[in-house]
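Here is the structure we will look at.
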Amino acid sequence: MSSSSLLDRSLRSVWHPCTQMKQHETLPLVPIVRGEGVWLIDADGRRLLDGISSWWVNLFGHCNPRINAALREQLETLEHVMLAGFTHEAVVELSERLAALTGHRLGHAFYASDGASATEIALKMSAHYWRNLGRPEKSRFVSLAGSYHGETVGALAVTDVAIFRDAYAPLVRAGTTVPTPDARLAAPGESPVDVARRAAAALDAHLGEHHAQTAALIVEPLVQGASGMVMYAPEYLRLARALCERYEVHLVADEIAVGCGRTGSFFACEQAGIWPDFLCLSKGISGGYLPLSLVLTTDAIYAAFYDDATSRGFLHSHSYTGNALACRAALATLDIFEQDDVLVANRVLAQQLGDTVRERFGDRGDVRHLRQRGMILAFDVDTDRKDFARRFFAAGLDHGVLLRPIGNTVYFMPPYVIGPDEIRNLVDGAVAALSAALA
Ligand SMILES: Cc1ncc(COP(=O)(O)O)c(C=O)c1O
């Protein structure tokens, strides 16, 4: 099968995500036939360095031998069983190990497949909790300006990215947005902590007025990914936690993108020394192998659903909830974290990535707000070109790197197995892509 006929068939039959399909008239799809570590290999044998971990999911490389082996073993034992009325070793062990990673503060895990489903679950659980407590009026949600929590209709209520939300506005029961603690908003002489305090004061004012109707505040801890790798000080999470406590509002930490070591700690919230009432995980938890998402929550919230009345239970479900293969991939991922002391190793990698990017981009007049949190590094490019992101992406492919700017923000979010030479390749590719995109 030639690659051109595969592309034709794909364009005829596959509706690709997050894509205006007409743009493929000029920007061809890339037919990937194999993955190997940080590399994706296309049908012509061209190697592309996956600088964004295939939409932020891959942690330990493509076709990782250890995850592959664990999956093969699981495949010979049990591929899937419905989780209502049944259980299995992989889902139990995964739930126990995740609870242990939270110091048993979040001891109950509810499973789904995609990130947006985890958002839906956290929002529904929060509102249902208040209903079970006789406070059904607490059903509104608050999120940060520029937040992204997924694109299903419920998740869009707390997603504040116009391009994803505007067309569906009539379908959405929109929540309220409060100011973001985006560190780039610092006035001269202000620190990121000052910005965080200002944003927290606005949250305080909002909750002061609306707490009686508010079920939860949902945040992307430390980095608001989809609105352009917006980074903020942990101080905001500390203050938000205290305000949620004071106003009896749940705190939902959406760690779908920032969890699993991405920001330097296993959970991003740990850097603020806080725990949320609900924590959403997806993407990296299965090592980037299989759709898996989950919501962790506390004993107290779990207890509010535990009752003789069926209707007080959380009756939400998805067919593949707790899929055994996905859970096994997650267990193999957690094994790698433990066996390879990944959080410590990532500090060295993050430093190498940061040093290399600063060396090549730090002095450029058209590069602004170079910022880093663990294994996420980003900068904004000063250009008026409306098609900057697409041009950069296409030029990156020509230079052997997969990088996909968000608007004018170029970011790096590579798998944790990237080596020093590959970091150089990635950054060299970005330098070439930037020149081509701005030409
Ligand atoms: C913070 C955050 N929440 C939710 C989601 C939605 O996850 P999914 O695309 O798996 O539905 C994403 C996806 O990028 C995300 O970054």
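For the sequence shown, the numbering used here gives the first residue as 904, with consecutive numbering after it.
Glycine included, C-beta positions come from ideal geometry on N, C-alpha and C.
A quick note: this is a predicted structure, and the numbers were derived from the prediction, not measured.
query	result
What's the call for W1033, buried or exposed, on a 16-neighbour Cβ count within 10 Å?	buried
Taking the alpha-carbon of F1217 as reference, which of L930, M1278, A1030 and L914 has the nearest alpha-carbon?	A1030
Taking 9 Å as the threshold (C-beta atoms), are N1226 and L1197 in contact?	no
For D1157, count neighbouring C-beta atoms within 10 Å of its own C-beta (all shown protein chains included) and say buried if the count is 16 or more, exposed if not.	buried
Contact check, V1284 vs L1337 under 8 Å by CB: the rounded distance?	7 Å
Would the beta-carbon of V865 fall within 9 Å of that of L1110?	The displayed coordinates of the chain run from 904 to 1342. Any statement about residue 865 would go beyond what the structure contains.
Can you tell me whether S1222 is buried or exposed? The criterion is at least 16 other CB atoms within 10 Å of its CB, across all chains shown.	exposed
Within 10 angstroms of the Cβ of A1209, are there 16 or more other Cβ atoms? Answer buried if so, exposed if not.	Per the sequence presented here, residue 1209 reads as Tyr, with Ala not at that position. Flag for Y1209 reads exposed.
Using only alpha-carbon positions, find the residue among L943, W958, G1057 and V960 that is nearest to L952.	L943
Where does Y1139 fall in DSSP's three states?	helix
Output the boundary residues of the alpha helix (DSSP H) element that contains C1230.	A1227 to Q1242
Could you tell me how far apart the beta carbons of L1252 and Y1205 are, in whole angstroms, since I believe they sit closer than 8 Å?	About 37 Å; that fails the 8 Å criterion.
Which residue wins for smallest C-alpha separation from R1288, given the options K1186, A1339 and K925?	A1339
Pick helix, strand or coil for Q923, following the three-state DSSP scheme.	coil
Can you check which of these residues, G1190, H1302 and H1219, is closest to H965 by C-alpha distance?	G1190
Is the separation between the beta-carbon of T969 and that of A1235 shorter than 9 Å?	The amino acid at residue 969 is misidentified as Thr; the sequence shows Arg. Yes, the pair counts as a contact, with Cβ atoms nearer than the cut-off.
Tell me whether D1180 sits in a helix, a strand or coil according to DSSP, three-state version.	coil
Are there three or more Cβ pairs, one per stretch, closer than 8 Å when the segment 974-985 is compared with the segment 1245-1259?	no
Using only the alpha-carbon positions, how far apart do L1392 and G1131 sit?	The shown model of the chain, from 904 to 1342, leaves out residue 1392, and the question about it has no answer.
Can you name, in chain order, every residue of its own chain whose Cβ lies under 8 Å from the Cβ of L932, other than the five neighbours on each side?	L910, S913, L914 and H919
Drop a sphere of 10 angstroms on the beta-carbon of T922, count the other beta-carbons inside from all chains shown, and report buried for 16 or more, exposed for fewer.	exposed
Please confirm whether L1088 and L1142 have their CB atoms less than 9 Å apart.	no
Check for me: the beta strand (DSSP E) holding V1155 runs from which residue to which?	H1153 to D1157
Using only the heavy atoms of ligand 1, determine whether one of them is closer than 8 Å to the beta carbon of A1143.	no
Hey, A1333 and G1299: beta-carbon distance below 9 Å or not?	yes
Alpha carbons only, please: which of T1083, C1147, T1062 and A1233 is nearest the one belonging to A972?	A1233
Nearest to Y1314 by alpha carbon, out of D1301, H1302, P1323 and A1292?	A1292
If you compare alpha carbons, which of P1317, L1329, G1322 and N1328 is closest to W959?	P1317
Under 9 Å, do R1008 and G1167 count as touching if we go by C-beta distance?	no
Looking at H958 and ligand 1, is the gap between the Cβ and the nearest heavy atom below 8 Å?	According to the sequence provided, residue 958 is Trp. The question's His does not apply to it. Yes, ligand 1 has a heavy atom inside 8 Å of this Cβ.
Who does R1274 pair with in a DSSP beta bridge?	A1281
For the beta strand (DSSP E) that contains D953, what are its first and last residues?	R950 to D953
When every heavy atom of ligand 2 is checked, does at least one fall within less than 8 Å of the C-beta of G1299?	As presented, the structure is devoid of ligand 2, carrying ligand 1 as its sole ligands.
Going by beta carbon distance, what residues of the same chain come within less than 7 Å of V1245, once the five residues before and after it are set aside?	G1164, I1239 and Y1319
My output table needs one value for V1198: the three-state DSSP class, helix, strand or coil.	strand
In chain order, what are the residue ranges of uninterrupted beta strand (DSSP E) at least 3 long that sit wholly in the segment 1061-1111?	1079-1081
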